[in-house]
Amino acid sequence: MNRIDEPIGVIGGGRMGAGIAQVFAAMGAEVTVVEGDAAAAEAARERIRGGLDRAAERGKLTEPVADVLARVRLGTDPAELPAGAALVVEAVPERADLKVAVLTAAERAVSPETVLATNTSSLSIGELGAALASPRRFLGMHFFNPVPASKLVELVLGERTADDVRDRALGWVRALGKTEVVVRDSPGFATSRLGVLLGLEAIRMLEEGVADATSIDTAMELGYRHPMGPLRSTDLVGLDVRLAIAEYLHRTLGERFAPPRLLREKVERGELGRKTGRGFHTWPD
Ligand SMILES: NC(=O)c1ccc[n+]([C@@H]2O[C@H](COP(=O)([O-])OP(=O)(O)OC[C@H]3O[C@@H](n4cnc5c(N)ncnc54)[C@H](O)[C@@H]3O)[C@@H](O)[C@H]2O)c1
């Protein structure tokens, strides 16, 4: 079985960052998770503990939860990242200014050999990397939700990402037991571009009264063997998150990504999907 013996850093211990920390720690890595403040750091630890408990219940851990958790250290400042970290993955909210701030702070804390990665779903790797002293060491490592169960990591290469950095990232993806797709830095990469387009068209079909939400989802689940229909999938991602990505793709790729009226209305009403109990479907607590 693969083990990862290198120190790893994660910035932002939310839904994605906690999952990323969990999978690296479960493979043997010492993981430092940096959060915004002490309360958020404590919440991140509990998120990671919860994820490890679920993995243990499913028989996916080779060690007791406490042993894995003992390899996870929480901090509140990128300066606390270990200088010898092999990789730092940034998973703070999808705002370029925030991502640039934590990535440049991380770059100052670590050695020149450390690979820096962002988990962004849509932002330009070139633009984020331009703020770094060494953009050659930077790439997108786009994990999927929930991280432990998802098989895919989309590796997004900026124009200046070095080949050895791509190869090291590929090594970590495979050591985690996941599969990579390698894509060029372009708006929405491969996954968000296709996934968002399908979701937006499904919302337009709902607006036009082509069918109800369950029927649209069932059409793709049974007809095209998608594991989840486009509206259910939008509910899981979060309607606000989808809207933000659609607005960005609309600006960069054009009219076909124009957010439908119904999506804006639902976001305004606070119907954000599973996290609020209602989106295109209703969700139990
Ligand atoms: N949720 C998904 O389905 C999904 C999937 C793939 C990629 N992503 C991307 O992953 C990133 C994180 O998304 P998420 O869903 O985990 O968000 P989230 O809101 O659950 O987590 C973000 C975390 O960052 C922390 N944070 C905020 N400011 C910080 C700072 N200055 N320093 C350190 N930590 C800080 C927050 O406290 C929070 O815990 C985004 O770029 C998102 O686009 C999300």
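The opening position of the sequence shown corresponds to residue 6 in my numbering, with each subsequent residue numbered one higher.
Note that CB positions come from ideal geometry on N, CA and C, so glycine has one too.
| Query | Result |
| --- | --- |
| Are the region 161 to 179 and the region 96 to 115 touching, with three or more C-beta to C-beta distances below 8 angstroms? | no |
| Would you kindly work out how many angstroms separate the C-alpha atoms of Arg171 and Arg8, rounded to a whole number? | 19 angstroms |
| DSSP beta-bridge partners for Thr219? | Bridge partners of Thr219: none, in fact. |
| I need the boundaries of the alpha helix (DSSP H) containing Glu62, first residue and last residue. | 43 to 62 |
| Can you tell which of Val120, Phe149, Ala249 has the C-alpha that lies nearest to the C-alpha of Val186? | Phe149 |
| Below 8 angstroms on the Cβ atoms is my contact criterion, and I expect Ala96 with Gly41 to pass it. Report the Cβ-Cβ distance as a whole number of Å. | With 8 angstroms as the limit, Ala96 and Gly41 do not qualify as a contact, their Cβ atoms being about 12 angstroms apart. |
| Check whether the region 265 to 277 and the region 237 to 249 are in contact - that is, three or more C-beta pairs closer than 8 angstroms. | yes |
| Are Glu51 and Ala101 close, meaning C-beta to C-beta below 9 angstroms? | no |
| Any heavy atom of ligand 2 inside 8 angstroms of the beta-carbon of Glu132? | Although ligand 2 was asked about, the structure shown includes only ligand 1 as ligands. |
| Could you give the distance in angstroms between the alpha-carbon of Thr184 and the alpha-carbon of Ala174? | 11 angstroms |
| Note down, in chain order, each residue of its chain lying with its Cβ closer than 7 angstroms to the Cβ of Pro140, except the 5 sequence neighbours on either side. | Gly134, Gly163, Arg165 |
| Given the structure, does Leu108 come close to ligand 1, in the sense that its CB is under 8 angstroms from one of the ligand's heavy atoms? | no |
| Should Ser127 be listed as close to ligand 1, given that the test is whether its C-beta is under 8 angstroms from any heavy atom? | yes |
| Taking 8 angstroms as the cut-off, is the C-beta of Gly193 nearer than that to any heavy atom in ligand 1? | no |
| Three-state secondary structure (DSSP) at His147? | strand |
| Quick check: does the Cβ of Ile16 come within less than 8 angstroms of any heavy atom belonging to ligand 1? | yes |
| What do you get for Glu159, buried or exposed, if any count of 16 or more other CB atoms within 10 angstroms of its CB means buried? | buried |
| Suppose the cutoff is 6 angstroms on Cβ atoms and the five residues either side in sequence are ignored; what does the same chain contact list for Tyr253 look like? | Ser127 |
| Rounded to a whole number of angstroms, what is the C-alpha to C-alpha distance between Ala249 and Thr287? | 22 angstroms |
| In this structure, how does DSSP classify Arg78 when only helix, strand and coil are distinguished? | strand |
| Let me know the secondary structure DSSP gives Arg8 once reduced to three states. | coil |
| Thr223: which of Ala263, Val152, Leu236, Glu213 sits nearest, CA to CA? | Leu236 |
| Could you give the uninterrupted runs of the alpha helix (DSSP H) lying entirely in the region 153 to 217, keeping only those of 4 residues or more? | 168 to 180, 196 to 212 |
| Tell me which residues share the same chain as Arg269 and place their Cβ nearer than 8 angstroms to its Cβ, disregarding the 5 neighbours each side in the sequence. | Leu248 |
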